[in-house]
Amino acid sequence: MNDLSIGELESIIRETERIKAKPENYKNRLKDKILLMLFEKPSTRTRISFEIAMIQLGGNAIDIDESMTQLGRGETIGDSARVLSRYSDCILARVKKHETLKKLAKNSKVPVINGLSDLEHPCQVISDLFTIYEVEGGLKGVNLTYIGDGNNVCNSLLLGCAMSGINIKVVSPEGYEPGREFVEKALNISKKTGSKVEVINDPKKAAINADFIYTDVWVSMGDESEEKKRLGIFQAYQLNEEIVKLADSNCRIMHCLPAHRGLEITNGVIDGKNSIVWDQAENRLHAQKAILLRSLG
Ligand code: CP
Ligand code: NVA
Numbered sequence: 002m003n004d005l006s007i008g009e010l011e012s013i014i015r016e017t018e019r020i021k022a023k024p025e026n027y028k029n030r031l032k033d034k035i036l037l038m039l040f041e042k043p044s045t046r047t048r049i050s051f052e053i054a055m056i057q058l059g060g061n062a063i064d065i066d067e068s069m070t071q072l073g074r075g076e077t078i079g080d081s082a083r084v085l086s087r088y089s090d091c092i093l094a095r096v097k098k099h100e101t102l103k104k105l106a107k108n109s110k111v112p113v114i115n116g117l118s119d120l121e122h123p124c125q126v127i128s129d130l131f132t133i134y135e136v137e138g139g140l141k142g143v144n145l146t147y148i149g150d151g152n153n154v155c156n157s158l159l160l161g162c163a164m165s166g167i168n169i170k171v172v173s174p175e176g177y178e179p180g181r182e183f184v185e186k187a188l189n190i191s192k193k194t195g196s197k198v199e200v201i202n203d204p205k206k207a208a209i210n211a212d213f214i215y216t217d218v219w220v221s222m223g224d225e226s227e228e229k230k231r232l233g234i235f236q237a238y239q240l241n242e243e244i245v246k247l248a249d250s251n252c253r254i255m256h257c258l259p260a261h262r263g264l265e266i267t268n269g270v271i272d273g274k275n276s277i278v279w280d281q282a283e284n285r286l287h288a289q290k291a292i293l294l295r296s297l298g
């Protein structure tokens, strides 16, 4: 998130609004451009929304199957980046370790987009900020609670909310709070934007003042070995009807998806009248276009 200035983030959100309103105006804006996509972890939304975005903007996307490349046989990520960036206009990567993304970016001649790492998920959060903007007509002073694991989505939300003047309250079990470095960065940014940044452990306080309540999985990709332990610890942090009842009747429910129904969120809440998760998922497509236009337009 911090590779963008506050002004750039704002302009991507405005561009997303224009793209969503009139997608036909953007046909051929990336004519003949090629996006390479490298996924070390599974993906539905990120992979398909980027691929469709490229097609609708007049370009092409090529999905690289790592096992079919020399990466699977030990060619370094740096050498691969040197070569692949001579064939393409942009690289999108979803990686197990954030370090891999840094090596890719360092050795690439073309822009590299983070399609999720263990530390951040900026494309998701840029799109989510647009979704909030769409509902509220603005971002400053909006109150968002994130309940659950202090993971990659939570880290990017902290930065994105602080940059946008959104007040963010993270509610996580002890030991599962977002990374210190992200909380500190968010607090620093908030001095400029006036946003309030809070990290607490008490799930009973999640609904207080919330305009939006956001959650994500308790077991992220890469955390599978801790599954049993985590499912026990996170039970009290489920986004369920009891929590929603305590919130304002207009409070919106968000989830980046995929959801584990019955774990971090109940069926009643994700399918309930306050849920905006399907608009949120749709907006990935519009926001991805704005990110691509900024990267290779
Ligand atoms: N929210 C999100 O990034 O979904 P995918 O893992 O399906 O890409
Ligand atoms: N935190 C989740 C997000 C999935 C889009 C994960 O990293 O698996």
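Letter 73 of the sequence shown, counting from 1, is numbered 74 in the numbering used here, and no numbers are missing.
Where is the CB? At the ideal position from N, CA and C, for every residue including glycine.
All figures in this text were calculated on a predicted structure; none of them were measured in a lab.
Tell me which residue opens and which closes the beta strand (DSSP E) that N115 is part of.
For N115, the enclosing beta strand (DSSP E) covers residues V113 to N115.
Any heavy atom of ligand 1 closer than 8 Å to the CB of T77?
Checking every heavy atom of ligand 1 against the Cβ of T77, none is found closer than 8 Å.
Going along the chain, which residues of its own chain have a beta-carbon closer than 6 Å to the beta-carbon of D150, five neighbours each way excluded?
Cβ within range, chain order: Y177 and W219.
Just to confirm, are I234 and I254 a CB contact at a threshold of 9 Å?
No.
I'd like to check one pair, V172 with I133: are the Cβ atoms closer than 9 Å?
It is not a contact, given that the beta carbons lie outside the stated cut-off.
From S221 to K34, what does the alpha carbon distance come to, in whole angstroms?
If I take the Cα positions, the gap works out to 33 Å.
For I65, which residues from the same chain have a beta carbon less than 7 Å from its beta carbon, with the 5 sequence-adjacent residues on both sides left out?
For I65, where only same-chain residues beyond five positions count, the Cβ hits under 7 Å are L37, M38 and L39.
Residue from N144, T17, I127 and I49 with nearest C-alpha to D212
Between D212 and the set N144, T17, I127 and I49, the nearest pair of CA atoms involves N144.
Looking at C-beta atoms only, is the number of pairs between the stretch 20–33 and the stretch 244–260 that lie closer than 8 Å three or more?
At 8 Å Cβ cutoff, the stretches do not touch.
Nearest candidate by alpha-carbon position, reference E16, set K42, F131, D203 and N3
Looking at the Cα atoms, F131 is the closest of the given residues.
Taking DSSP's pairing of strands, which residues face S276 in a bridge?
Beta-bridge pairing links S276 to I254.
Within the continuous alpha helix (DSSP H) that includes K206, where are the two ends?
Boundaries for K206: no alpha helix (DSSP H) harbours it, and the DSSP string shows neither H nor E there.
Every unbroken alpha helix (DSSP H) within the stretch 163–231, with a cutoff of 4 residues, ordered by chain
Counting only runs of 4 or more, we get 181–194.
Below 8 Å, how does it come out for the stretch 236–251 and the stretch 264–283: are there three or more Cβ pairs, yes or no?
Yes: at least three Cβ pairs fall under 8 Å.
Among S44, K104, I127 and D129, which has the Cα closest to the Cα of R95?
Distances from the CA of R95 to each of S44, K104, I127 and D129 were compared; the closest alpha carbon is that of S44.
Cα separation between L58 and K246?
Between the alpha carbons of L58 and K246 lies a gap of roughly 43 Å.
Going residue by residue through the stretch 137–167, where are the continuous alpha helix (DSSP H) segments of at least 4 residues, counting only ones entirely within it?
The stretch 137–167 contains these whole alpha helix (DSSP H) runs: 153–165.
Can you tell me whether L258 sits near ligand 2, meaning its C-beta is under 8 Å from at least one heavy atom of the ligand?
Relative to ligand 2, the beta carbon of L258 is positioned inside 8 Å of a heavy atom.
Three CB pairs or more closer than 8 Å across the stretch 88–102 and the stretch 114–129
By the Cβ criterion, the stretch 88–102 is in contact with the stretch 114–129, since at least three pairs of Cβ atoms, one from each stretch, lie closer than 8 Å.
By the DSSP assignment, the beta strand (DSSP E) with L36 in it spans what residues?
Counted as a single uninterrupted DSSP element, the beta strand (DSSP E) harbouring L36 occupies residues I35 to F40.
Who are the near neighbours of G223 in its chain, counting only those whose CB is closer than 7 Å to its CB and skipping five residues on each side?
Within the same chain, and ignoring the five residues on either side of G223 in sequence, the residues whose Cβ sits closer than 7 Å to its Cβ are K97 and D119.
Identify whether R30 lies in helix, strand or coil by the three-state DSSP scheme.
Coil, per DSSP.
Using DSSP's beta-bridge definition, name the partner residues of I7.
BP columns for I7 are empty, so no partner.
Provide the residue(s) that pair with R95 in DSSP beta bridges, ordered along the chain.
R95 pairs with F40.
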